[in-house]
Amino acid sequence: SVFSLNCHACASRDFFGSFAFPVLQSLGAGSLIPPAGNCSDNAQACPTASYCFKREDKYEITDGSTWSNAKAHFYVKGCDINAVAGLAVAYKPNECVDYDEKTFAGYKVVRRICACNDRDLCNVSSSVSLLATLLFLAAASLLLH
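When you line the sequence shown up against UniProt numbering, it's residues 1 to 145, in that order.
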């Protein structure tokens, strides 16, 4: 049976990704990171009869600076595995699979692909909750003072 599924078609980043982007850019990762977009509204969607895809790029800064060990997440979402992943990669239905890991001077990146077809707009981002963000900022403030 043929069914129609709507998927997010956009790029986004987590809360920390917004702050870490300039640091990653200074380390030469700027051209690898997808542009920021607005995935919170459902206006940017694509129809498919198979799967929605989400690529998650997890960057870890390893340059020895105050940002070291910081992790930032960037996302690309859509209906076409080649467009989302950048190439044809193996995926598992309704799971996420790591498919690429690279280490560069000052940072490393792990890419994973997620595929889903259990509901419309299923390729949402995992995002840090506001409470977790506030707790992180409070702890960082205490450590820096």
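We treat Cβ as the ideally placed atom computed from N, Cα and C, and that holds for glycine.
Host alpha helix (DSSP H) of residue i (start-end)
i          : result
residue 23 : 15 to 26
residue 84 : 81 to 85
Where residue i sits in the DSSP three-state scheme
i          : result
residue 39 : coil
residue 11 : strand
residue 4  : coil
residue 34 : coil
residue 68 : coil
residue 45 : strand
residue 75 : strand
Cβ-based burial, residue i [other Cβ within 10 Å; buried from 16]
i           : result
residue 101 : exposed
residue 123 : buried
residue 49  : exposed
residue 28  : exposed
residue 119 : exposed
residue 30  : exposed
Of the residues the options, the one placed nearest residue i, counting alpha carbons only
i          : options             : result
residue 66 : 20, 115, 85 and 114 : 20
residue 90 : 104, 115, 31 and 24 : 115
residue 87 : 37, 111 and 6       : 111
residue 84 : 113, 107 and 105    : 113
Start-to-end residues for the beta strand (DSSP E) that takes in residue i
i           : result
residue 59  : 52 to 61
residue 118 : Looking at the DSSP string, residue 118 is not in any beta strand (DSSP E), and its letter there is neither H nor E.
In DSSP terms, what residue i is bridged to
i          : result
residue 92 : Its beta-bridge partners do not exist; DSSP assigns none.
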